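Q: Take a look at this one; I'll ask things after.
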Amino acid sequence: MPDGPRFAGRMEAGADLRLFVAGQVVLDDTGFRLLQGVRLTGCLMDAVRVAGVPYRTAWDRLKTIERSWGEPVIATASGGARGGTSRLTTAGERLLAIYTGLRRDHARCLETLNARLEQEWNRPLRADVFAEATP
């Protein structure tokens, strides 16, 4: 039998990874980019640019992370030629490492789901199967 209709577009599974404590989002991709930016640049202002969030939002996010995590995740020092420095604390490094591992696992889960969709949904339907599925 000839192939039946194809669907208008390719279906894919997607989901954002977020960590919660007591029902409140503690870390998501924005917070992750912010922590990564601090680690890479050593400057909160530069990290804000990397994360793509306003400075005030970045500080609010960091305070939320620290309250939920129970300890500081960044250490800052004011002054200096560039106006100060920032670095991840041991707790910040640990949180970043945990989230990095979870992101890797999350990506693998999505790959598995998308492979399943490829097999079950994104293939052409035979006309006889399509006819059986429609009322």
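Heads up, the sequence shown is in the working numbering, so the first residue is 24 and it goes up one at a time.
Glycine included, each C-beta is placed from N, C-alpha and C at the ideal position.
As the structure is a prediction and not an experimental result, all values here were calculated from the model.
Does DSSP put R159 in a helix, a strand or coil?
A: The displayed coordinates of the chain run from 24 to 158. Any statement about residue 159 would go beyond what the structure contains.
Q: Rounding to the nearest angstrom, what Cα-Cα distance links M34 and R127 in this structure?
A: Taking the sequence shown and counting its residues from 1, the one referred to as residue 34 is at position 11. Taking the sequence shown and counting its residues from 1, the one referred to as residue 127 is at position 104. Those two C-alpha atoms are separated by around 22 Å.
Q: In the structure shown, what three-state DSSP assignment does G46 receive?
A: One-based indexing of the sequence shown puts residue 46 at position 23. Reduced to three states, the DSSP call for G46 is coil.
Q: Could you spell out where the alpha helix (DSSP H) holding A3 opens and where it closes?
A: This structure cannot speak to residue 3, because the chain is shown only from 24 to 158.
Q: Using 7 Å as the threshold, is the C-beta distance between T113 and A100 below it?
A: By 1-based counting over the sequence shown, the position of residue 113 is 90. By 1-based counting over the sequence shown, the position of residue 100 is 77. Contact flag unset, no.
Q: Quick check on the DSSP output: the alpha helix (DSSP H) that includes R16 runs from which residue to which?
A: Look at the range of the chain in this structure, 24 to 158, and you will see that residue 16 is not part of it.
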